[in-house]
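2 protein chains.
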Amino acid sequence: MSKFWSPLTASLVPYVPGEQPKDKTYIKLNTNENPYPPSPKAIEAIQKAADADLRLYPDPTCETLVEAAAGYYGLSASQVFVGNGSDEILAFAFAAFFNPEKKLLFPDITYSFYKVYAKLYGLQTELVPVNEQFQIEVASYTADNGGIILPNPNAPTAQLLPLADIRKLLDANTEQAVVIDEAYIDFGGESAVSLIQEYPNLLVIQTLSKSRSLAGLRVGLAFGSEELIDGLNRIKNSFNSYTLDRLALAGAVAALQDEAYFREATDRVIATRERVTHEAQRLGFKATDSKANFIFITHPEIPAKSIFQQLREKGVLVRYFDQPRIDEYLRVSIGTDEEMDAFVAALGDIVAG
Amino acid sequence: MSKFWSPLTASLVPYVPGEQPKDKTYIKLNTNENPYPPSPKAIEAIQKAADADLRLYPDPTCETLVEAAAGYYGLSASQVFVGNGSDEILAFAFAAFFNPEKKLLFPDITYSFYKVYAKLYGLQTELVPVNEQFQIEVASYTADNGGIILPNPNAPTAQLLPLADIRKLLDANTEQAVVIDEAYIDFGGESAVSLIQEYPNLLVIQTLSKSRSLAGLRVGLAFGSEELIDGLNRIKNSFNSYTLDRLALAGAVAALQDEAYFREATDRVIATRERVTHEAQRLGFKATDSKANFIFITHPEIPAKSIFQQLREKGVLVRYFDQPRIDEYLRVSIGTDEEMDAFVAALGDIVAG
Numbered sequence: 001m002s003k004f005w006s007p008l009t010a011s012l013v014p015y016v017p018g019e020q021p022k023d024k025t026y027i028k029l030n031t032n033e034n035p036y037p038p039s040p041k042a043i044e045a046i047q048k049a050a051d052a053d054l055r056l057y058p059d060p061t062c063e064t065l066v067e068a069a070a071g072y073y074g075l076s077a078s079q080v081f082v083g084n085g086s087d088e089i090l091a092f093a094f095a096a097f098f099n100p101e102k103k104l105l106f107p108d109i110t111y112s113f114y115k116v117y118a119k120l121y122g123l124q125t126e127l128v129p130v131n132e133q134f135q136i137e138v139a140s141y142t143a144d145n146g147g148i149i150l151p152n153p154n155a156p157t158a159q160l161l162p163l164a165d166i167r168k169l170l171d172a173n174t175e176q177a178v179v180i181d182e183a184y185i186d187f188g189g190e191s192a193v194s195l196i197q198e199y200p201n202l203l204v205i206q207t208l209s210k211s212r213s214l215a216g217l218r219v220g221l222a223f224g225s226e227e228l229i230d231g232l233n234r235i236k237n238s239f240n241s242y243t244l245d246r247l248a249l250a251g252a253v254a255a256l257q258d259e260a261y262f263r264e265a266t267d268r269v270i271a272t273r274e275r276v277t278h279e280a281q282r283l284g285f286k287a288t289d290s291k292a293n294f295i296f297i298t299h300p301e302i303p304a305k306s307i308f309q310q311l312r313e314k315g316v317l318v319r320y321f322d323q324p325r326i327d328e329y330l331r332v333s334i335g336t337d338e339e340m341d342a343f344v345a346a347l348g349d350i351v352a353g
Numbered sequence: 354m355s356k357f358w359s360p361l362t363a364s365l366v367p368y369v370p371g372e373q374p375k376d377k378t379y380i381k382l383n384t385n386e387n388p389y390p391p392s393p394k395a396i397e398a399i400q401k402a403a404d405a406d407l408r409l410y411p412d413p414t415c416e417t418l419v420e421a422a423a424g425y426y427g428l429s430a431s432q433v434f435v436g437n438g439s440d441e442i443l444a445f446a447f448a449a450f451f452n453p454e455k456k457l458l459f460p461d462i463t464y465s466f467y468k469v470y471a472k473l474y475g476l477q478t479e480l481v482p483v484n485e486q487f488q489i490e491v492a493s494y495t496a497d498n499g500g501i502i503l504p505n506p507n508a509p510t511a512q513l514l515p516l517a518d519i520r521k522l523l524d525a526n527t528e529q530a531v532v533i534d535e536a537y538i539d540f541g542g543e544s545a546v547s548l549i550q551e552y553p554n555l556l557v558i559q560t561l562s563k564s565r566s567l568a569g570l571r572v573g574l575a576f577g578s579e580e581l582i583d584g585l586n587r588i589k590n591s592f593n594s595y596t597l598d599r600l601a602l603a604g605a606v607a608a609l610q611d612e613a614y615f616r617e618a619t620d621r622v623i624a625t626r627e628r629v630t631h632e633a634q635r636l637g638f639k640a641t642d643s644k645a646n647f648i649f650i651t652h653p654e655i656p657a658k659s660i661f662q663q664l665r666e667k668g669v670l671v672r673y674f675d676q677p678r679i680d681e682y683l684r685v686s687i688g689t690d691e692e693m694d695a696f697v698a699a700l701g702d703i704v705a706g
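Quick note, the sequences are listed as chains A and B, same order.
Using my numbering, count along the first sequence one by one with no gaps and you end on 353.
Using my numbering, count along the second sequence one by one with no gaps and you end on 706.
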């Protein structure tokens, strides 16, 4: 606490990202990174962009990337916004759309940054419980509200809502923004981008961090009606004119254009996920039905916190959330087959005691 | 206007960066970019960092860059913050420190983003007039206030406050944050970083965009007491855990380490600035005493707006601000000697009518 802080600063409870310990080399299955490198074309584009032109500001409108993303989904440029990771776009969306005079609704079990953003922008929130199977039930989003946000697939539960449910949610909530956070959509889900022509209040946010293997480049995308995209631009242009550097722009365009590489890498992650889920089940674990690049597992007898600690000692980092309802679960990112073999072997040792 | 916007979004008046027209190739003297490329070592470091590790998140604490910046000024890491350009750090500082219950003070003629940030964070402001020579008079900052911010050198007036004046300002304002925005300090000024040990309420913000020729990389630095740096981190970690990508981190560290290149490039800009100032004076222009990488000039007879338009037709872009007190001035970034020769020739033609 400092007397030089604003009341806002003093009130915040900042987000804590997954640990990045430097004491030794771990098998890192704790931040949902992609185990495969980005497209070689993205790396090449970045190396080419690392030249004397770095002395110049990037294009503040990010035109090349906006057009590449629009073309990818068959949209117009006015329906696309790009930002410094989907986290920055989420922050802008919380400021741009959610009405502080009413409650913002989101699931009780979800991405833990949402409540941090809500505090940052002084928003009231109502946590809508997921059901006993950790599924989001759209019929529960009935309270009068100033906006709704949910991830699809949800994190850390990994479960997917079908598009029909998103549509139901939108039909019941037409007067305020509904934000669908699709950070993990490419690992088996169907994107709600197809609905934005029908619903002017729908914003869909995606990231190149997971399925495009570019967590280190910080690029997020958002899709919505022109009026929503205008709203995001008003916030962004009151905050920082140039949120994406020249290298991120070049790399992101190239990554979006390399569809074959993207498909192959996501297919591999999905295949490994299915295999590892079965192996964990063979060891007595229960897993939710994951459509993400991570699994969410629990053991009926061994406390999750103990498994987390034992895995850490064995050199495997996973994510444990010490919070109600999910404190017996572990979130495990999907690594390479070799990494997951080591993870399964470690789990086997722990179960065998 | 959209019914899906928050009241905040509707209230904003976003910043408009200098134009980046694509209709033809201009001599671009309108966004204060450095005419010389960044250090070859920075480019090399970026190319090396463009590898498979881009699949991994960057270090959220930006340790290597924080330590490089701390080492540069002989500070500890706890006195340094880094961000996505100094614009992002400014935005965080407005949120972190300025008290919305009192007025924020800044010069009436200054960086036009300040009033945009103030609106974004709901701050009251009082514009403190610069004197007839466009100089900031620290003795005018007497009103009860919730914070003070000023650029040194000031923009677009290019004039420098001596450190003794900054010290006077700090001695008179000890109970709230005082932010000195040193975007242009390396072109002839003396940094207030040397004062941060004495004044726990002083935050100094710098950028790699100007003197390090890295506008395209988006890296800003801030220096202050541990409690101020903590405050910035609380806001940042409530907004986006990873604001600097792996390439920006690598390039920025290498740029900070190449002191010889930095000195040579800034010395060249300064020499060209002095020469061009004299040439403009020979053509009848008046110029402020610039200690920045741009000059601020006016002609006693020819309207600035007309000069701006004629220069544009001749393929030279400069910045014209259509606002009270400075609407007879032009801000002209310092380019290469060849670019400035073309600029001076164009000015000569315009003056000759």
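Ideal Cβ placement from N, Cα and C applies to all residues, glycine included.
Item	Value
Could you pull the DSSP bridge partners for residue 138 (chain A) from this structure?	Answer by DSSP bridge pairing: none, since residue 138 (chain A) is not bridged.
Is the segment 640 to 659 of chain B touching the segment 610 to 618 of chain B, taking contact as three or more C-beta pairs under 8 Å?	no
Quick one: measure Cβ to Cβ for residue 354 (chain A) and residue 96 (chain A), integer angstroms, because I've assumed they're closer than 8 Å.	It is not possible to answer for residue 354 (chain A), since the shown part of chain A is limited to 1 through 353.
Output yes if chain A places a C-beta closer than 7 Å to the C-beta of residue 440 (chain B); else output no.	yes
What's the C-alpha gap between residue 324 (chain A) and residue 188 (chain A)?	28 Å
What is the DSSP secondary structure of residue 565 (chain B), counted as helix, strand or coil?	coil
What are the residues that DSSP puts in a beta bridge with residue 256 (chain A)?	None; residue 256 (chain A) has no bridge partner.
Starting from the N-terminal side, write out each stretch of the beta strand (DSSP E) that is 3 residues or longer and does not extend beyond the segment 620 to 701 of chain B.	647 to 651 and 683 to 686
What residue does the alpha helix (DSSP H) around residue 181 (chain A) start on, and which one ends it?	From DSSP, residue 181 (chain A) is part of no alpha helix (DSSP H) but of the beta strand (DSSP E) over 178 to 181.
What span of residues does the alpha helix (DSSP H) with residue 521 (chain B) cover, start to end?	516 to 525
For the beta strand (DSSP E) containing residue 498 (chain B), list its first residue and its last residue.	498 to 504
Mind pulling the chain A residues with CB within less than 7 Å of residue 404 (chain B)?	43
Using only alpha-carbon positions, find the residue among A:338, A:72, A:253 and A:159 that is nearest to residue 268 (chain A).	A:338
Report the three-state DSSP secondary structure of residue 65 (chain A) (helix, strand or coil).	helix
For residue 371 (chain A), go through chain B and note every residue whose CB falls closer than 7 Å to its CB, in chain order.	One cannot answer for residue 371 (chain A) here, as it falls past the ends of chain A, which runs 1 to 353.
Measuring CA to CA, which of B:548, B:390 and B:597 is closest to residue 519 (chain B)?	B:548
Output yes or no for whether 7 Å exceeds the beta carbon distance between residue 272 (chain A) and residue 340 (chain A).	yes
Spell out a yes or no on whether the segment 593 to 600 of chain B and the segment 650 to 670 of chain B are touching, meaning 3 or more CB-CB pairs, one atom from each, closer than 8 Å.	no
Any C-beta of chain A sitting closer than 7 Å to the C-beta of residue 400 (chain B)?	yes
What residues from the segment 105 to 120 of chain A come within 9 Å of chain B, judged by C-beta to C-beta, listed N to C?	113, 116, 117, 119 and 120
Three or more C-beta pairs closer than 8 Å, one from the segment 385 to 392 of chain B and one from the segment 109 to 128 of chain A: is that the case here?	no
Does any residue of chain B have a CB that is nearer than 7 Å to the CB of residue 2 (chain A)?	yes
Run through chain B and tell me which residues come within less than 8 Å of residue 17 (chain A), C-beta to C-beta.	410, 413, 594 and 595
Between the C-alpha atoms of residue 432 (chain B) and residue 702 (chain B), what's the straight-line distance to the nearest angstrom?	51 Å
Go ahead and pull the three-state DSSP assignment for residue 369 (chain B).	coil
Chain B partners of residue 98 (chain A), CB-CB under 9 Å?	359
How should residue 589 (chain B) be labelled, buried or exposed, when 16 other C-beta atoms within 10 angstroms of its C-beta is the threshold for buried?	buried
What does residue 389 (chain B) touch in chain A if you count any residue whose Cβ is under 9 Å from its own?	52 and 55
In chain A, which residues lie less than 7 Å from residue 646 (chain B) when you measure between Cβ atoms?	Result: empty, since nearest Cβ-Cβ is about 11 Å, beyond 7 Å.
Could you tell me if residue 369 (chain B) is buried or exposed, where buried requires 16 or more neighbouring beta carbons within 10 angstroms of its beta carbon?	exposed
Distance check for residue 501 (chain B) and residue 528 (chain B), CA to CA, integer angstroms please.	11 Å
Considering only DSSP beta bridges, list what residue 106 (chain A) is partnered with.	A:127
What three-state label does DSSP hand residue 438 (chain B) in the structure shown?	helix
When the Cα of residue 71 (chain A) is compared with those of A:102, A:223 and A:14, which residue comes out closest?	A:223
With DSSP run on the structure shown, which of helix, strand or coil describes residue 119 (chain A)?	helix
Should residue 356 (chain A) be labelled buried (16 or more other beta-carbon atoms within 10 Å of its own) or exposed?	There is no way to answer for residue 356 (chain A), as the model of chain A reaches only from 1 to 353.
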